[in-house]
C-alpha cells in the first residue's frame, strides 16, 4: 500500500527551508537600510512597464522592521506547512504564487508602489485552507482548521478598509491560492489498510470474494466431475503401523 507523500515524523530540513527563505527578506531589508538603496522604487507599480519588475521583487521589499516582522512570523509557519504537507508541489506553488499574485496586483492596484510579502502570505493561507478542504483527507482538513484559527482574521484585509495597506495585493494572493488549490496536484495518496478499500479493487479477481454469490451466500468449491472426486479420494492413504507394547513389569 502506498503512503501519503509527506513523512509521518518531523523533518528539520523542511522548517530550515522556511526559515532560510525568510532570512533572505531580512538580508534585503538590512541591505536597504544599511546602504540606503531605496528598494521601494522596485516594487509593483500598477499598469506601467517599469512596475513589472516588482512582480518578482516585491516580496523581498519591506518598509521597516515592523512591516517585515509581521510578515515573517506568518511566513515561517505557512512555508513550513507548505513544504511539509505538499513537498512535491511546494516550489511550484511558491514560485507561481509570487508571480501571479504580483501580476494581479499590477493589474488591479492603485497607482502607488506596492511592496511586501503579504500577498504571498494570503496566497499560502488560501491555498492551504482550500486544498485541505478539497482533498477530503482528515490530516489536511485538520491543517485547514489550524490555518483558519491562526489566520482567519486576515480575510478582512482583502477589502479596502485601510488606505495604507495594499488590499489589492492581498486579494490577488488570496484568489491565486484558491485557484491553485483546485488545479495543483498535491500527490496525496490515501493509506489503504485492506485491499478492498482501494478504488481499483476488483472483487471478481479476488480468491476470497469469488467464494460468494451475488446474494452474499457462500459457495463451496465443487469438483468438475465425479471422476475427479473419486481420483482425489483414491490418493488419500492412511498407513497404520503396529508397535507391540513393552511390558516393563518385573518377573
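Residue numbers (my numbering): 47 to 297. All residues carry an ideal CB built from backbone N, CA and C; glycine is no exception. Here the structure is a predicted model, which is why all the values come from computation and not from measurement.
Can you look up residue i in the DSSP assignment and give me helix, strand or coil?
i           : result
residue 90  : strand
residue 205 : coil
residue 54  : Residue placement at residue 54 is poorly supported in this model, since its pLDDT is 43, which falls under 50; the coordinates are not used for a value here.
residue 183 : coil
residue 211 : coil
residue 83  : coil
residue 95  : coil
residue 134 : coil
residue 192 : helix
residue 155 : coil
residue 253 : coil
residue 108 : coil
residue 78  : helix
residue 62  : helix
residue 48  : Any reading at residue 48 is ruled out, since the residue's pLDDT is 42, under 50, leaving its predicted position unreliable.
Thinking C-beta only, is residue j closer than 8 Å to residue i?
i           : j           : result
residue 143 : residue 226 : yes
residue 189 : residue 131 : yes
residue 136 : residue 124 : no
residue 154 : residue 96  : no
residue 68  : residue 140 : no
residue 159 : residue 203 : no
residue 66  : residue 101 : no
residue 83  : residue 106 : no
residue 152 : residue 61  : no
residue 171 : residue 145 : no
In angstroms with no decimal places, state the Cα-to-Cα distance between residue i and residue j.
i           : j           : result
residue 205 : residue 216 : 8 Å
residue 75  : residue 248 : 59 Å
residue 15  : residue 182 : The displayed coordinates of the chain run from 47 to 297. Any statement about residue 15 would go beyond what the structure contains.
residue 187 : residue 174 : 9 Å
residue 93  : residue 218 : 15 Å
residue 162 : residue 177 : 24 Å
residue 119 : residue 166 : 13 Å
residue 113 : residue 229 : 32 Å
residue 59  : residue 86  : 32 Å
residue 195 : residue 98  : 35 Å
residue 134 : residue 63  : 14 Å
residue 260 : residue 251 : 14 Å
residue 256 : residue 265 : 8 Å
residue 180 : residue 164 : 24 Å
residue 156 : residue 212 : 8 Å
residue 150 : residue 104 : 13 Å
residue 73  : residue 117 : 14 Å
residue 109 : residue 199 : 22 Å
residue 115 : residue 138 : 25 Å
residue 231 : residue 258 : 39 Å
I'd like to confirm the pairing. Which residues does DSSP put opposite residue i in its beta bridges?
i           : result
residue 160 : 90
residue 226 : None; residue 226 has no bridge partner.
residue 175 : In the DSSP output, where bridge partners are listed per residue, residue 175 has none listed.
residue 264 : 258
So, under 8 Å CB-CB, residue i and residue j are touching, yes? Tell me the CB distance rounded to an integer number of Å.
i           : j           : result
residue 223 : residue 169 : 4 Å
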